[in-house]
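Colleague: Just so you know, this note's numbering puts 162 at position 74 of the sequence shown, and the rest follows in order with no gaps.
Have a look at this one.
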Amino acid sequence: MLTQWLNADAIHIVDDVIDWQDAVRKSAEPLLAQGAITPAYLDAIFTSHAEIGPYYVLAPGLAMPHARPEQGAHKNGLSLLHVKNGVNFDADENDPVYVVIMLCALSGEEHIQMITALAELFSDDSRLQQLLSANTLPAIQAVIHS
């Protein structure tokens with residue numbers, strides 16, 4: 089399931105970003121290009137972050153920013169940004185973040201399906217560490233396909 093969403097066009101690798109907002113924007117680029125989300129979706133993520141903090145930084149090195157479907161999601165989608173040198177999200181022990189996976193879903197059910205597929209990856213410590221340290225497209229794809 090992840091392989092259909094996280095194809096080569098949806099994965100970007102950069103050395104650095106300016107800050108966490110830049111990381112979120114860059115992670116959204118494939119979804120914006122596909123028309124899966126609107127700029128309002130990013131605004132909703134930034135607003136939520138300002139109100140409740142980096143709730144979407146799920147584990148050391150891993151962030152999964154997302155908003156509600158009605159906040160600008162038009163299609164289901166995932167994108168992945170790998171920041172080789174990491175970026176701080178003000179997430180205490182979970183900083184720096186190396187992998188930012190943006191999620192958008194049209195319904196709660198589809199959101200849960202995507203989260204379930206991602207949870208299989210995230211719950212395997214070995215695969216998660218491989219993903220966090222993978223810094224080439226083939227290496228990232230190998231972890232997703234395993």
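A virtual CB, placed ideally from N, CA and C, is assigned to each residue, including glycine.
(1) Identify every run of the beta strand (DSSP E) within the region 90-119, keeping only runs that are complete inside it and at least 3 residues long; order them along the chain.
(2) Which stretch, first to last residue, makes up the alpha helix (DSSP H) that contains S136?
(3) Applying the 10 Å Cβ sphere with the 16-neighbour rule, what's the burial state of P118?
(4) Please say whether S115 and M202 have beta carbons closer to each other than 8 angstroms?
(5) Tell me whether A121 is buried or exposed, calling it buried when 16 or more other Cβ atoms sit within 10 Å of its Cβ.
(6) Where does P153 land, buried or exposed, given buried means 16+ other C-beta within 10 angstroms?
(7) With respect to the beta strand (DSSP E) encompassing L191, which residues constitute its N-terminal and C-terminal limits?
(8) If A155 and S167 are in contact, beta carbons under 8 angstroms, what's the gap, nearest whole angstrom?
(9) Alpha carbon to alpha carbon, how far is E197 from N223? Give it in angstroms, no decimals.
(10) Report yes if the CB atom of V171 is closer than 8 angstroms to the CB atom of A111, and no otherwise.
(11) Can you tell me whether H233 is helix, strand or coil according to DSSP?
Modeller: The structure says:
(1) List check, beta strand (DSSP E) in window: 99-102.
(2) Where S136 is concerned, the enclosing alpha helix (DSSP H) starts and stops at 127-140.
(3) By the 10 Å Cβ count, P118 comes out buried.
(4) Cβ atoms of M202 and S115: not closer than 8 angstroms.
(5) Exposed, by the Cβ-count rule.
(6) So P153 counts as buried.
(7) L191 -> beta strand (DSSP E) spans 185-192.
(8) Not really, about 14 angstroms apart at Cβ, beyond 8 angstroms.
(9) C-alpha separation (whole angstroms): 32 angstroms.
(10) Closer than 8 angstroms, so yes.
(11) Helix.
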